[in-house]
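Each number in our numbering corresponds to the 1-based position in the sequence shown with 414 added.
Beta carbons: idealized from backbone N, C-alpha and C, even for Gly.
Being a predicted model, the structure only gives us computed values, none of them experimental.
Here the structure comes first, spelled out in structure tokens, and everything after it is commentary.
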Amino acid sequence: MSKIIEPLRGVHDLLPAATPAWQHLERITREVFAAYGYDEFRVPIIEQTQLFKRSIGDFTDIVEKEMFSFVDQGEDHITLRPEATAGIVRAVISNGLLRDGRLRLWCMGPMFRRERPQAGRFRQFHQIDAEAFGFAGPDIDAEMILLSARILRRLGLTDVKLLINSLGTPQARTGYREQLGAYFGAHGEQLDEDSKRRLQGNPLRILDSKHPQMQRLIAQAPVMLDSLDGESREHFDALCALLRNAGIEYHVAPRLVRGLDYYSRTVFEWVSDGLGAQSSVCAGGRYDGLVAQLGAAPTPGIGWAMGQERIVMLMEKLGLTGSVQRPQLYMVIAGAAAEAQAFKVAESLRDAWPQLRLQYNLGGGNFKTQFKRADKSGATFALVLGEDEMARGVVAIKDLRAGREQEECEFSRASERIGVLLGLKAGKAE
Ligand code: ATP
Ligand code: MG
415 MSKIIEPLRG VHDLLPAATP AWQHLERITR EVFAAYGYDE FRVPIIEQTQ LFKRSIGDFT
475 DIVEKEMFSF VDQGEDHITL RPEATAGIVR AVISNGLLRD GRLRLWCMGP MFRRERPQAG
535 RFRQFHQIDA EAFGFAGPDI DAEMILLSAR ILRRLGLTDV KLLINSLGTP QARTGYREQL
595 GAYFGAHGEQ LDEDSKRRLQ GNPLRILDSK HPQMQRLIAQ APVMLDSLDG ESREHFDALC
655 ALLRNAGIEY HVAPRLVRGL DYYSRTVFEW VSDGLGAQSS VCAGGRYDGL VAQLGAAPTP
715 GIGWAMGQER IVMLMEKLGL TGSVQRPQLY MVIAGAAAEA QAFKVAESLR DAWPQLRLQY
775 NLGGGNFKTQ FKRADKSGAT FALVLGEDEM ARGVVAIKDL RAGREQEECE FSRASERIGV
835 LLGLKAGKAE
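Below you can see the structure in the form of structure tokens.
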């Protein structure tokens with residue numbers, strides 16, 4: 415026998431038992447985005463490698479070591495998207511959507527990063543992503559945060575904390591970057607390898623280090639909030655006021671920086687204590703320079719991304735996972751006459767009741783076998799089309815759970831009766 419092929423490291427199958435939680439999360443997500451007037455956007459999973467290098471920045475974990483990049487048969491340099499923002503910005507530019515000035519978008523799907531797999535950290539993972547373009551004021555920052563807060567609340571995840579900070583403008587950051595460079599430079603012997611490299615390239619990135627050895631040094635580093643330019647300070651204060659007025663609790667985290675280079679002014683993160691080392695469930699911020707950096711007219715932008723695996727882990731801890739939907743009706747079929755009609759009957763029932771979950775017995779079998787399968791399917795009722803019933807123009811309906819007497823009803827009334835028994839609502843099939 416040949417060897418079984420295993421999935422790649424850090425890449426997981428989502429088994430049927432786990433999908434209800436994901437479907438629940440995705441349904442709530444759709445509802446909440448609709449409630450705020452955001453449109454769904456879907457962008458490619460593969461893009462030119464250059465796109466991510468140019469937008470995310472060289473001294474980031476992602477570009478330094480996490481991208482799945484390859485050269486294809488046509489010599490194109492391709493990368494599996496490690497995050498959604500770059501692709502969305504590319505897409506709104508390529509499709510000329512920025513001409514309308516103001517866009518509020520969301521998307522959802524798989525992302526790929528070649529990191530060391532561990533609990534809450536995978537190589538293929540999924541994000542829910544929100545982006546807005548053309549809004550310069552702090553009101554969109556507040557709306558973005560309110561939106562993420564509502565998704566978390568609707569899911570029942572109340573044990574999360576909001577951290578916010580401001581990185582100022584890139585111009586104002588130059589002075590701060592020097593200050594930070596001097597600080598970390600003076601403690602050169604305490605820096606890990608990554609941080610040493612970042613000290614030359616972009617010392618701000620050192621603040622994002624996850625290295626335990628670095629944490630004490632980072633905790634005493636100078637903070638950007640002390641060097642904010644006037645307008646960024648006003649923007650930040652206004653955001654804080656909007657959040658307070660909206661009743662959202664927040665914590666100012668002066669050393670919070672995002673792992674990506676393109677952020678300016680507001681950055682924020684939702685964290686949870688329930689996830690071990692991986693505490694961040696949603697992170698985002700403003701990226702006013704990115705659109706211009708990718709070649710279009712300067713347009714302010716802001717966005718966030720929520721890690722779906724981490725959210726589902728929190729839901730599971732609270733038992734908020736839902737259950738798999740079982741069929742309601744299992745169709746038992748015996749004899750040539752019944753077999754000839756059975757698909758037609760099943761299809762007409764599905765026409766009449768678009769919500770009905772009907773499982774059809776495939777591959778024949780005697781009554782005993784078929785009822786065993788019916789029971790295993792989890793269905794509430796069996797609909798029996800047997801030889802004897804067909805001859806008399808009736809069907810039998812057996813309650814598989816309540817041990818009631820089997821009932822019979824005329825062929826022409828079967829659909830109506832099933833509707834009553836299962837409490838189905840009529841409607842047109844789409
Ligand atoms: P971290 O600091 O945990 O590495 P990050 O700064 O790289 O996170 P972002 O790029 O901001 O994360 O992504 C937003 C969210 O996506 C994170 O808050 C997290 O919930 C989730 N996420 C990021 N990387 C992974 C991963 N490898 N596996 C699972 N979820 C992830
Ligand atoms: Mg990361």
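Assuming residue i contacts residue j (C-beta within less than 8 Å), just tell me the rounded distance between them.
i       : j       : result
Thr-713 : Phe-547 : 5 Å
Tyr-774 : Met-745 : 5 Å
Leu-618 : Val-671 : 6 Å
Gly-715 : Leu-704 : 6 Å
Gly-721 : Arg-537 : The Cβ separation is near 13 Å, so there is no contact.
Gly-792 : Arg-740 : 3 Å
Ala-710 : Ile-507 : 4 Å
In the DSSP assignment, find the unbroken alpha helix (DSSP H) run with residue i in it and report its ends.
i       : result
Tyr-774 : Here Tyr-774 belongs to no alpha helix (DSSP H); instead the beta strand (DSSP E) covers 772-774.
Gln-722 : 722-731
Ala-655 : 644-659
Ile-476 : Careful: Ile-476 lies outside any alpha helix (DSSP H) and carries neither H nor E.
Phe-757 : 750-766
Tyr-590 : 584-600
Ile-502 : 499-508
What do you reckon, are the CB atoms on residue i and residue j nearer than 8 Å?
i       : j       : result
Ala-756 : Leu-799 : yes
His-649 : Pro-552 : yes
Leu-642 : Ala-596 : no
Ala-500 : Leu-465 : yes
Ser-693 : Val-685 : yes
Ile-632 : Leu-639 : no
Leu-577 : Ile-559 : no
Leu-674 : Gly-471 : yes
By how many angstroms is the C-alpha of residue j removed from the C-alpha of residue i?
i       : j       : result
Ser-826 : Ile-811 : 14 Å
Ala-760 : Ile-832 : 12 Å
Gly-749 : Leu-797 : 14 Å
Leu-428 : Phe-526 : 16 Å
Asn-616 : Ala-550 : 26 Å
His-426 : Asn-509 : 34 Å
Gly-438 : Gly-736 : Note that residue 438 is His in the sequence shown, not Gly. Distance between the alpha carbons of His-438 and Gly-736: 8 Å.
Asn-579 : Lys-417 : 52 Å
Leu-743 : Leu-770 : 8 Å
Arg-630 : Ala-691 : 17 Å
Ala-544 : Ser-609 : 30 Å
Arg-530 : Gly-523 : 21 Å
Glu-645 : Asp-702 : 14 Å
Phe-447 : Glu-454 : 8 Å
Asp-802 : Ala-752 : 10 Å
Taking DSSP's pairing of strands, which residues face residue i in a bridge?
i       : result
Phe-870 : This structure leaves residue 870 out entirely; the chain is present only between 415 and 844.
Met-522 : Ile-542
Tyr-452 : Partner(s): none; Tyr-452 has no beta bridge.
Asn-579 : Val-681
His-426 : For His-426, which the question treats as bridged, DSSP gives no partner whatsoever.
His-665 : Leu-577
Ile-716 : Ala-546, Arg-700
Does any residue of chain D have a CB that is nearer than 8 Å to the CB of residue i?
i       : result
Gly-703 : Checking the listed chains, one finds no chain D in this structure; it contains a single protein chain.
Note the first and the last residue of the continuous beta strand (DSSP E) segment covering residue i.
i       : result
Leu-743 : 743-747
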